[in-house]
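Participant: Under full-length UniProt numbering, the letters of the sequence shown match residues 1 to 391, in that order.
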Amino acid sequence: MIRTGILAFDRMIGGGVPKGKGALFSLGLGVEGQQFLFSALKSARRQERRCLVVVPHATRDAFLAGFAGTPYRVEAGTGIEFFDASVFEEIDAGRAATPESEAGIWEERVDTVLEEHAIDAVFLYSNRLCDALGTCRALRLFVDLCAARGVTLFVEYLNLYDDRHLEEIRATVPFDLVVTAGEGFGNHMFLNYFRVEQVSWMDIPSRPLPFVVHEDGRLVPQIPKIVVTGPMDAGKTTFIRTVSKMWVSSDHEGLSGTPTTVAMDFGNPAVTCSGFEINLFGTPGQEHFGPIIRHLLTNATGVVFMVDGSSARGLDGAQGMLAHVLALDVPFVVGVNRKDRPGEIGEEVVRERIGIPEGVPVISFSARKRDEATAVVDALVGLIVHGQSTE
Numbered sequence: 001m002i003r004t005g006i007l008a009f010d011r012m013i014g015g016g017v018p019k020g021k022g023a024l025f026s027l028g029l030g031v032e033g034q035q036f037l038f039s040a041l042k043s044a045r046r047q048e049r050r051c052l053v054v055v056p057h058a059t060r061d062a063f064l065a066g067f068a069g070t071p072y073r074v075e076a077g078t079g080i081e082f083f084d085a086s087v088f089e090e091i092d093a094g095r096a097a098t099p100e101s102e103a104g105i106w107e108e109r110v111d112t113v114l115e116e117h118a119i120d121a122v123f124l125y126s127n128r129l130c131d132a133l134g135t136c137r138a139l140r141l142f143v144d145l146c147a148a149r150g151v152t153l154f155v156e157y158l159n160l161y162d163d164r165h166l167e168e169i170r171a172t173v174p175f176d177l178v179v180t181a182g183e184g185f186g187n188h189m190f191l192n193y194f195r196v197e198q199v200s201w202m203d204i205p206s207r208p209l210p211f212v213v214h215e216d217g218r219l220v221p222q223i224p225k226i227v228v229t230g231p232m233d234a235g236k237t238t239f240i241r242t243v244s245k246m247w248v249s250s251d252h253e254g255l256s257g258t259p260t261t262v263a264m265d266f267g268n269p270a271v272t273c274s275g276f277e278i279n280l281f282g283t284p285g286q287e288h289f290g291p292i293i294r295h296l297l298t299n300a301t302g303v304v305f306m307v308d309g310s311s312a313r314g315l316d317g318a319q320g321m322l323a324h325v326l327a328l329d330v331p332f333v334v335g336v337n338r339k340d341r342p343g344e345i346g347e348e349v350v351r352e353r354i355g356i357p358e359g360v361p362v363i364s365f366s367a368r369k370r371d372e373a374t375a376v377v378d379a380l381v382g383l384i385v386h387g388q389s390t391e
């Protein structure tokens with residue numbers, strides 16, 4: 001198995017791409033998604049896998065120079081072979097009149113390198129080759145060669161057309177993994193997204209997940225909005241403060257003399273769980289803040305619903321607030337905050353008292369303990385990504 005080196009993505013697909021499988025990364029126009037193959041190549045070399053890079057649009061030196069100063073820098077030398085622009089020009093200049101004959105030359109030369117250098121993984125930048133041979137012919141050539149020799153294949157394809165064009169490719173070329181990268185994510189137009197369209201070795205839901213590219217070139221998947229909500233005094237602000245690197249609170253002193261949130265709490269960047277960067281938004285707990293709570297729940301990717309598990313009184317008002325969450329139809333978990341006090345309410349009692357559906361995780365934890373609080377977020381990430389908890 002070859003890891004892509006993008007932690008969140010590798011965990012989504014079961015750890016990486018298995019030996020002999022073919023992976024297609026289809027990029028939309030203007031989308032920064034090249035880091036998927038950059039990172040996979042770097043990871044393969046770290047795993048001491050022998051690689052062939054087919055890059056018809058650039059020379060070997062220009063390709064490698066593009067990594068300088070980024071986390072994806074790789075060195076030329078033993079263990080990495082290239083078919084670069086010079087090879088493409090040589091074959092293209094000497095070809096016979098048909099794409100079929102040129103495809104035959106490519107097939108012979110690639111297969112020879114796979115055998116002579118015992119290649120483990122091929123990284124194909126396919127567009128120029130697709131223009132010369134025809135898209136499906138070029139892609140099928142590499143898929144068949146790699147499958148026959150048990151070589152893992154990574155393909156980057158710039159989709160200049162539309163979704164229908166990608167469907168034609170998928171219907172003709174038997175890729176095991178298909179990932180698309182597009183522009184914009186819901187109301188977050190500044191984010192690009194990726195979607196796992198198919199994966200042959202496991203079952204995961206196909207849903208878009210945004211990503212950002214940091215200044216140093218790292219691609220990091222994001223979950224832009226997890227809302228932490230629940231009745232007052234459940235410990236929502238403490239929870240966000242515990243798991244966040246930076247946080248901002250709108251606490252004012254409440255009637256009880258203790259701080260109470262009157263607008264929202266915000267953790268940014270909140271947590272890195274399972275390789276995702278996550279933003280947390282905390283809501284007020286009082287029922288009369290209902291309009292603010294409903295507004296903050298809008299466009300949530302997932303919800304942590306918190307209750308005070310130290311006494312039965314902590315469940316007051318929880319059922320009504322839970323109705324807002326159920327109406328969203330998004331993944332959520334219920335966190336029962338023990339507050340490290342005696343008299344903890346059991347998880348089954350909480351489930352029955354406030355009507356939590358079967359299949360929704362109910363997790364007892366302390367909002368003051370970072371490992372326990374982070375585990376709650378991690379369970380929610382498992383639901384968002386795989387449709388099941390990671391507990």
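Ideal Cβ placement from N, Cα and C applies to all residues, glycine included.
Beta-carbon within less than 6 angstroms of G69's beta-carbon, same chain only, minus the 5 sequence neighbours each way: which residues are those?
Facilitator: none
Participant: Could you tell me which residues DSSP puts in a beta bridge with A367?
Facilitator: Beta-bridge pairing links A367 to no other residue.
Participant: Quick check on F175: does DSSP put it in helix, strand or coil?
Facilitator: coil
Participant: Have a look at L158, F83, F305, G104 and flag the residue whose alpha-carbon is nearest the alpha-carbon of V377.
Facilitator: F305
Participant: Nearest-angstrom Cα distance between S126 and L24?
Facilitator: Their backbone Cα atoms lie some 10 angstroms apart in a straight line.
Participant: Rounded to whole angstroms, what is the Cα-Cα separation between N299 and R164?
Facilitator: 28 angstroms
Participant: Relative to the C-alpha of K21, which residue among F67, K236, G134, D144 is closest?
Facilitator: D144
Participant: For R11 versus S43, is the C-beta distance shorter than 8 angstroms?
Facilitator: no
Participant: Per DSSP, what kind of secondary structure is F67 in: helix, strand or coil?
Facilitator: coil
Participant: Would you list the residues sitting across from I13 in a DSSP beta bridge?
Facilitator: Its beta-bridge partners do not exist; DSSP assigns none.
Participant: Name the DSSP bridge partner or partners of C273?
Facilitator: F276
Participant: Rounded C-beta distance between F332 and G355? I'm assuming under 8 angstroms.
Facilitator: Not really, about 13 angstroms apart at Cβ, beyond 8 angstroms.
Participant: May I ask you to report which of helix, strand or coil DSSP gives R195?
Facilitator: strand
Participant: Based on Cα-Cα distance, which residue from D131, R338, D176, S366 lies nearest to P154?
Facilitator: The question names Pro, but residue 154 is Phe in the sequence shown. Of D131, R338, D176, S366, the residue nearest in Cα terms is D176.
Participant: Between the beta-carbon of F38 and the beta-carbon of F67, is there less than 8 angstroms?
Facilitator: yes
Participant: Using CA atoms only, rank isn't needed, just tell me which of E372, F194, V53, R170 is closest to N337.
Facilitator: E372
Participant: Which residues bound the alpha helix (DSSP H) around N337?
Facilitator: It is not in any alpha helix (DSSP H) - N337 instead sits in the beta strand (DSSP E) that spans 332–337.
Participant: DSSP three-state call for Q222: helix, strand or coil?
Facilitator: Strand at Q222.
Participant: With the cut-off set at 8 angstroms, would you say A132 and D84 are in Cβ contact?
Facilitator: no
Participant: Counting along the chain, where does the alpha helix (DSSP H) carrying E358 start and finish?
Facilitator: Neither: E358 is in no alpha helix (DSSP H) and is coded neither H nor E.
Participant: With 8 angstroms set as the bound, which would you pick, yes or no: does the beta-carbon of G69 sit closer than that to a beta-carbon of chain D?
Facilitator: The structure shown contains no chain D; it is built from a single protein chain.
Participant: With a threshold of 6 angstroms on Cβ separation, who are the neighbours of G14 within its own chain once the five nearest residues in sequence on each side are excluded?
Facilitator: M202
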